[in-house]
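Per our numbering, the sequence shown runs over residues 30 to 354.
Glycine residues also receive a C-beta, built at the ideal position from the N, C-alpha and C atoms.
A short worksheet on the structure shown next.
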Amino acid sequence: MSGSVYSGNRRPLASYIKGSVLICILYFLLYAAYVAQQPRALNAGAIANLVNNTVPLALAAGGQAFVVIVKGFDLSLAGVVSVTNVVMAVYPLEGPGGAFASLIICLAIGAVVGAINGWLVAYLRIQSIAATLATMIVCKGVALVILDAPGGSVAEWVSDELTDRLFNLPVSGMILALVVVVWLLVRRTDLGISMYAIGADETAAALSGVNVRWVRFMAFVSAGMLFGLAGFMLSAQTATGSPTAGDPLLMLSFAAVALGGTSLSGGKGGLFASIVGAATLTLLQKLLFSSGVSSFYTGIFQGAVLILAVVFSGLLSHFAIGRKA
């Protein structure tokens, strides 16, 4: 791979850092407002509960970011989360060994669906929305076959231990932190740099020696595995199954990605900022609930925050470009 691909990664990195800072500031402002209303929000139990509620959407948004960076969209999220959730509820495996086996199964389901998506998009050149819509429909059909109505019971060890605390820190938060660390390592590899190169300019990336098809394929596989992990953690949180478990996460995952500053046109952004975007949306729900706002209005407020954040980020970018000119 030539040096041009590496040097082209500097601008996305700068934009990524800027987006991360902005969304972190927004999160802490909302958290300050939340604490002002709920002083108990600072105790360890309340923090663990907030983290547990955040993790499924955060993982889903992180997976979505992989695909968005390479200029794609992945609707199969809803199907993968639903399938993994009902599998966890209908076929519970107890104990630490059972939890590990369930985790591997969820990751495998996500990887298989991601591989199918990647093959359809990267090698057959089917539009990502069409390809992932098809796999989402198939997955949701499989979920309905396994469990035709909400029910079942997730293994007690999974629902208890993965939503508990270790050394007074939420276990789910540790898992999310591990995912972030892995991402920070991956984005410095040839694969990570190539993903940004493809999103920024696919033709230039190909001319620089990037295997565009393989990189795009791996982006979908990575996304699928994170969707599977999201389903695993959602199951631990809900302790039950539903064939529509993944539906609420789909649109919110795109909102979290955009809120985190990841460009929906590809080539800019990252997993960490998308995760903070998901955390911000979850915290906003908590803040509105504690303020007595009806849940019917939650979507309106989330959309308004998203619009303001995107507009503000765009204004900053425009101002920065103007100063350079």
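Query, Result
"Range of the contiguous alpha helix (DSSP H) that encloses R217", "Counting along the chain, R217 falls outside any alpha helix (DSSP H), and DSSP gives it neither H nor E."
"Buried/exposed call for A61, threshold 16 Cβ in 10 Å", "exposed"
"The ligand SAH heavy atom lying under 8 Å from the CB of G257", "With respect to the ligand SAH, the structure offers nothing, as it holds no ligand at all."
"G295 vs I52 beta-carbon contact at 9 Å", "no"
"Beta-carbon separation (whole angstroms), G92 vs L255, contact threshold 8 Å", "3 Å"
"For G124 and G270, believed in contact at Cβ under 8 Å, the rounded distance", "Actually they do not touch by this definition, with Cβ atoms about 19 Å apart."
"Residue from T164, F318, M203 whose Cα sits closest to the Cα of S105", "T164"
"Cross-strand partners of R16 (DSSP beta bridge)", "Residue 16 lies beyond the residue range present for the chain, which begins at 30 and ends at 354; the question has no answer from this structure."
"Validate contact between the region 147–162 and the region 268–288 using beta carbons, cut 8 Å, 3 pairs", "no"
"Y326 classed as buried or exposed, judged by whether at least 16 other C-beta atoms fall within 10 angstroms", "exposed"
"Unbroken alpha helix (DSSP H) run spanning K169, endpoints", "157–175"
"Nearest-angstrom Cα separation, counted from F196 out to P68", "23 Å"
"Neighbourhood of V334 by C-beta, 7 Å cutoff - its chain only, sequence neighbours within 5 removed", "L313"
"Short CB-CB distance (under 9 Å) between A333 and chain D", "You won't find chain D in this structure, because it holds only one protein chain."
"Beta-carbon proximity list for A265, same chain, < 7 Å, skipping 5 on both sides", "V183, V187, S188, L191, T192"
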